[in-house]
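In what follows, a structure is listed as C-alpha cells, so that the remarks can point back to it.
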Amino acid sequence: MKFDNILFQVENRVLTITVNRPDKLNALTTHTIRELNELLAAYRNDNNINAVVITGAGEKAFVAGADISEFADFDAEQGRMLSRNGHQLLFNYIENYSKPIIAAINGFALGGGFELALSCHIRVASDNARMGFPEVTLGVIPGYGGTQRLAQLAGKGKALELILTADMIKAQEAFDLGLLNAVVPQADLMNKVYEICEKIKSKSPVAISHAIVAINANYKDGVDGFAVEIEEFGKCFENDDFREGTKAFLEKRKPDFKGKLAQA
Ligand code: COA
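Below, the structure is given as C-alpha cells:
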C-alpha cells in the first residue's frame, strides 16, 4: 500500500499512522480521509496487530483541521456530503474499530484534528498541544462529530462554551476536563503511547473488541447499552481467549491469547 498523505509502520504488533502534510500542519483533505480509511480497513481483521496509534508529522501539529481550501466554495449539499462521508469513512469508523486506537496529539488539534482525536479510544497529548474548535470563526460548525463527542466527554456546558467561543485550550486544561488520558513532555509522547499499547497487548484482543462495542452502545440513540453489554459478554464465552484467560489464571501463569477476532 502506498499513500500520498499518510505514513505507516507496523512494529511490535502496533500499527502507527502519521498524517503527513507538515507544511499544511497536517490539515485533513478528503483524499487523506480516504487513505486513512483504506489503511485502517486493511488492518481491521489482522490478528498480528493489537493497537493503532495515530499522530501528526512534525513537532507543531497533530492535525490543524479539515483542509479549509477544499470546502471554501461549497454549497449546502456539498457541505452535507463532506460531513457525511467523513463520519462514515473515518470518525465513526475509528470509534467503532475493533482494536484500540490511540491519538498521540503532538501539537495543534483543531477542528477536524480535534474531532479525529475525540473519535479515538484513548488520547495522550504532549504538553505543547493546543486544541479547540475554531469552526464558528469560519462561519461553520464542527462537522466530523465534534458537537456530539465533545459533549459526551466534557459535558454539554463545556462543549457549548468551547464551540461557541472557539477558544483554544492547552493540553493541561483538556486533561482537567477529562478529554485526555495523559499529558507528557513532547519528547516522551510516543514512549507513553507505546507504554499503553504494551498493556493492551497483554490482554485479550477479543475481549477488548467486545468492550469497545459495549461502551459505545451507551452513546447510540435508541440502543439499550445494558442489553448490548449482556450480548457482548455472552459472545466472549464463544472464544478461545476466554478459555485461555481463565485457564491461565487457575494455572497461575500468564495467558497466551491468540485473539482471533470474528470477521467484522
Ligand atoms: N486548512 C488548510 N490549510 C491549513 C490549515 C487548515 N485547517 N491549517 C493550517 N494550514 C496551512 C496554512 O494555510 C499555512 O499554509 P501556507 O504556508 O501555504 O500559507 C500552513 O498550514 C502553516 O500554517 P500557518 O497559519 O502559517 O501557521 P501558524 O503557526 O501561523 O498558525 C494555526 C497555526 C493552527 C493557529 C493556524 O494555521 C490556523 O488557525 N489554522 C486553521 C485552524 C482551523 O481553523 N481549523 C479548523 C478548520 S474547519
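Heads up: the sequence shown is residues 1005 to 1268, going by the working numbering.
Here a beta-carbon is modelled for each residue, glycine too, at the ideal position from N, C-alpha and C.
Every value quoted in this text rests on a predicted model; they were computed, and no experiment measured them.
Per DSSP, the unbroken alpha helix (DSSP H) holding Gln1156 starts and ends at 1150 to 1158.
For Gly1238, the enclosing alpha helix (DSSP H) has its first and last residue at 1229 to 1240.
Distance from the C-beta of Gly1062 to the nearest heavy atom of the ligand COA is not below 7 angstroms. Comparing C-alpha distances from Arg1088 to each of Gly1143, Tyr1148, Pro1209, Arg1247 shows the shortest one belongs to Tyr1148. When DSSP states are grouped into helix, strand and coil, Glu1255 belongs to the coil group.
Selection Glu1015, Ile1145, Tyr1198 evaluated against Thr1169 yields Ile1145 as nearest (Cα-Cα).
The alpha-carbon of Leu1029 is positioned some 45 angstroms away from that of Glu1242. Here the C-alpha atom of Phe1246 lies approximately 21 angstroms from the C-alpha atom of Phe1230.
Non-local C-beta neighbours of Val1067 in its own chain, meaning closer than 6 angstroms and more than five positions away in sequence, comprise Val1023, Asn1030, Leu1032, Gly1060, Gly1117, Leu1120, ordered along the chain. Look at Thr1169 here: in three-state DSSP terms it is helix. In terms of side-chain proximity, the C-beta atom of Glu1202 is found no nearer than 7 angstroms to any non-hydrogen atom of the ligand COA. For Arg1134, the enclosing beta strand (DSSP E) covers residues 1134 to 1136. Taking every protein chain shown into account, the CB of Lys1160 has fewer than 16 other CB atoms within 10 angstroms, so this residue is exposed. Going by DSSP, Gln1013 is part of the beta strand (DSSP E) stretching over 1010 to 1015. With the rule of 3 Cβ pairs closer than 8 angstroms, the stretch 1255 to 1265 counts as touching the stretch 1203 to 1213. Here the stretch 1101 to 1108 makes contact with the stretch 1190 to 1206; the two share three or more CB pairs at distances below 8 angstroms. Relative to the ligand COA, even the nearest heavy atom lies 7 angstroms or more away from the CB of Ala1231. Within the stretch 1041 to 1115, complete alpha helix (DSSP H) segments of at least 4 residues are found at 1072 to 1075, 1080 to 1090, 1096 to 1099, given in chain order. If you draw a straight line from the Cα of Thr1020 to the Cα of Tyr1047, it is about 11 angstroms long. With fewer than 16 other Cβ atoms inside 10 Å of its own Cβ, Asp1228 counts as exposed. Looking at the DSSP output, Ser1206 sits in no beta bridge, so it has no partner there. Here the distance from the Cβ of Leu1154 to the nearest heavy atom of the ligand COA is not below 7 angstroms.
In the three-state reduction of the DSSP assignment, Leu1142 falls in the helix class, which pools H, G and I. According to the DSSP assignment, Ala1186 belongs to the beta strand (DSSP E) that extends over 1186 to 1188. Residue side-chain check: Glu1139 places its Cβ nearer than 7 angstroms to a non-hydrogen atom of the ligand COA.
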